[in-house]
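In our numbering, the protein residues as written are 1025 to 1234.
Here it is in structure tokens:
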């Protein structure tokens, strides 16, 4: 999260305890959009706290560590948690992110989860996919931006359809989609392993490659 919002990386940063938050201002389709980000702890004992942030999120980033097979397997649990609030038919966008891509190359590669495995899981579920690296900033901005643009486009199309429907039948006023708590704001939640982040509406975790 810090790499995206402040373009900083702390090699000795500690795992999140509870929830951290930040935001970033983006320009999408000529419009200024505020992206609110929640970085949540990955440990099981914080699950109840983390789950509260899934409510109202327009996007979910499921992050795993490419050097930890267990962290990849665990994203299925976080997906199940997210779907308690956003089922498969909801408009909530999901992206799978493989973190620490900088450790997955060369003779001393520490990779335990192949790129193709992460991509296949995302494709099978209809999710976007990237590998990123917070260390060298690879794909961090690309991941958050792709998520934000996807959410923005979806929101714009939904509001356009509502406007057309309401114009032809004013009685449909009650069917207007719920407005964001903040005009022009996007919310994304990121969930993943202990050292990873969580965000609401347009933010990305640490590390990844397309």
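Yeah, the Cβ is synthetic: ideal placement off N, Cα and C, and Gly gets one too.
| field | Residue nearest to residue 1164 in terms of C-alpha spacing, selected from 1098, 1122, 1053 | value | 1122
| said: Looking only at its chain, what residues have a beta carbon closer than 6 Å to the beta carbon of residue 1106, apart from the 5 residues adjacent to it on each side? | reply: 1078, 1084
| field | residue 1186 versus residue 1118: straight-line alpha-carbon distance, rounded | value | For residue 1186 and residue 1118, the distance between alpha carbons rounds to 24 Å.
| Cβ-Cβ separation, residue 1050 to residue 1172 (assumed contact under 8 Å), whole Å | 6 Å
| said: DSSP has residue 1052 in a bridge; who is on the other side? | reply: 1055
| How about residue 1090 and residue 1155: are their beta carbons less than 9 Å apart? | Yes; because the gap between Cβ atoms is below 9 Å, this pair is in contact.
| task | On the DSSP bridge assignment, give the partners of residue 1137 in chain order. | result | Answer is none; residue 1137 lacks a bridge partner.
| For residue 1169, does the count of other Cβ atoms within 10 angstroms reach 16, so buried, or fall short, so exposed? | Here residue 1169 is buried. Its C-beta has 16 or more other C-beta atoms within 10 Å.
| Candidates 1048, 1102, 1174: which alpha carbon is nearest residue 1060's? | 1048
| task | State the DSSP-derived secondary structure class of residue 1130, mapped to helix, strand or coil. | result | coil
| query | If you run the structure through DSSP and keep just helix, strand and coil, what is residue 1147? | reply | helix
| request: Can you give me the Cβ contacts of residue 1135 inside the same chain, cut-off strictly under 6 Å, excluding the 5 residues immediately before and after it? | output: 1090, 1128
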